[in-house]
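Heads up, the thing below is written out as structure tokens.
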Amino acid sequence: QVEGGAVKSIGSLRRLPWGRLLGNKGLWAMTAAHAANNWGLYTTLAWLPTFFGEKYGLDLSTSSLYSMLPYIAGMLSSGVAGYTADRLIGEGRDTTEVRKLMQAIGSFGPGLCMLLLFQLASADSSVSSPAAASALFVGAVALGSASSAGFGTSLQDLTARFSGTLYGVASVVSSIAGATGVYLAGEILEETGSWSYVFLCTAAVYFLGGMVYTSTYDATPLFDRDSPYADP
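With positions in the sequence shown counted from 1, the corresponding number in the numbering used here is that position plus 428.
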């Protein structure tokens, strides 16, 4: 039964309109923004305690406290972004424009915070402070959470019927990007010892993902209503 179910699942995947699905620019716009978001988020999650320890000499307990705050902010921001996007669309705003607005906040906002962290990391520790750095990390994650109403819901606009499958495809690329960001940060620190370069690289990735999404995403459904692949 297990083998038969696997064969049936493979057969179902083969019957999907892969050319139409993978050839849509909206999918790759979403993937670019998702990959950039993962790069920044994974890098922050992995290296934040180390940054506070090395830059400001904080112990692990205090570093962990500073590292926790951005994710609390992100949790709250995500709900606000979703509510705001739904309200704007409900008021008759164009869905494509609402998604682009949310993703612009979710990509360019963290990118700007990373640029400010680049400047902060370049300054002497006697001039900067862990509180200032923490505020920028909080801002980066909070603003980045607006992506929940940007790329996070883009595939539902395009095709709710195949959104799970396409999200899986995009997540593979995005997870690789996130892991690459973590690895590259380690390599930069190993070679240069500079947190500034880590933040500058992360800012560039955020901006790139945001530019690709805002310039190419279109929320028009993939399939016409009379298509056999249209949403029910």
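A virtual CB, placed ideally from N, CA and C, is assigned to each residue, including glycine.
For Glu525, the enclosing alpha helix (DSSP H) has its first and last residue at Thr523 to Ser550.
Taking the Cα positions, Gly518 is about 16 angstroms away from Gly578. For Gly596, the enclosing alpha helix (DSSP H) starts and ends at Ser591 to Thr620. Our two residues, Thr478 and Met496, have alpha carbons roughly 13 angstroms apart in a direct line. Residue range Trp623 to Thr644 is occupied by the alpha helix (DSSP H) that includes Phe627.
The stretch 449-464 makes contact with the stretch 634-651; the number of CB pairs closer than 8 angstroms reaches 3 or more. In the three-state DSSP reduction, Phe651 falls in the coil class, being neither helix nor strand. Taking every protein chain shown into account, the CB of Thr642 has 16 or more other CB atoms within 10 angstroms, so this residue is buried.
The DSSP-derived three-state label of Gly447 is helix. With fewer than 16 other beta carbons inside 10 angstroms of its own, Val600 counts as exposed. By the 16-neighbour rule on beta-carbons within 10 angstroms, Lys528 is buried. Scanning Val633, Ser591, Ala613 and Ser602 for the CA closest to the CA of Tyr657 turns up Ser591.
An exposed status is given to Tyr511, since fewer than 16 other beta-carbon atoms sit within 10 Å of its beta-carbon.
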